[in-house]
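No gaps in the numbering here: position 93 of the sequence shown is 93 in this note's numbering, and each next residue is one more. Read through the structure below, which is laid out as structure tokens, and then see the notes.
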Amino acid sequence: MFNPEKDTASFAFILYRCAIAFRNELNREFLHVFKEEITVDFWFVLSVLWDEDNISHGLLADKLSRDKASLSRTLDLMEEKGLIKRITDTDDKRGSKILLTRLSKELKDKATQTAIDFTQSELKSLSPIEIRELVRMLNYIYSKVKGK
């Protein structure tokens, strides 16, 4: 039976636990497929850049809901692996733009398919309607929280 007080209080924990478990398992899948070349954190960054290359560090941080400092470390590692290149922003010399490399462009299809296959496998017990509703509700909650 639904207990509004108890169930609402535990919602944040359940959502957090689910997100962490999903992230960790997806990371294991990426490590299995790509070894050390792509991690789930790299894939999140690349997913944004595959849609919109040549964006500022700040805009990338906003799109990922990450702070600039933690994103900087990820970008350093990605640059070391040849997945991105940083150039000085011509509009703002204090900032940088993040660009995809040929390597990261070549990895797009395989990385995207890996994420799709993993997600479909994990959600196979849900109907397409349930998945659409889950995504709709999560996006709604995110927009409410982010809008504050």
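Built from N, CA and C at the ideal position, the CB exists for glycine as well.
Distance, residue 124 Cα to residue 132 Cα: Your numbering for residue 132 matches position 132 in the sequence shown. Your numbering for residue 124 matches position 124 in the sequence shown. About 13 Å.
With a cut-off of 8 Å on the beta carbons, I'd call residue 26 and residue 115 a contact; round off their distance for me. One-based indexing of the sequence shown puts residue 26 at position 26. One-based indexing of the sequence shown puts residue 115 at position 115. Confirmed, Cβ separation roughly 7 Å.
According to DSSP, residue 28 sits in a beta bridge with which residue or residues? The residue you call residue 28 lines up with position 28 of the sequence shown. DSSP output for residue 28 lists no bridge partner at all.
My guess is that residue 70 and residue 86 are in contact by the Cβ rule of under 8 Å, so how many angstroms apart are they, rounded? What you label residue 70 is simply residue 70 of the sequence shown in a count that begins at 1. What you label residue 86 is simply residue 86 of the sequence shown in a count that begins at 1. Not a contact, Cβ separation roughly 16 Å.
Between the alpha carbons of residue 82 and residue 118, how many angstroms are there, rounded? For the purposes of this step, residue 82 is identified with residue 82 of the sequence shown, where counting begins at 1. For the purposes of this step, residue 118 is identified with residue 118 of the sequence shown, where counting begins at 1. If you take the alpha carbons of residue 82 and residue 118, they lie about 25 Å apart.
Between the region 32-42 and the region 51-63, can you find at least three pairs of beta-carbon atoms closer than 8 Å? no
Within the region 90-124, ranges of the alpha helix (DSSP H) (whole runs, at least 4 residues): 102-122
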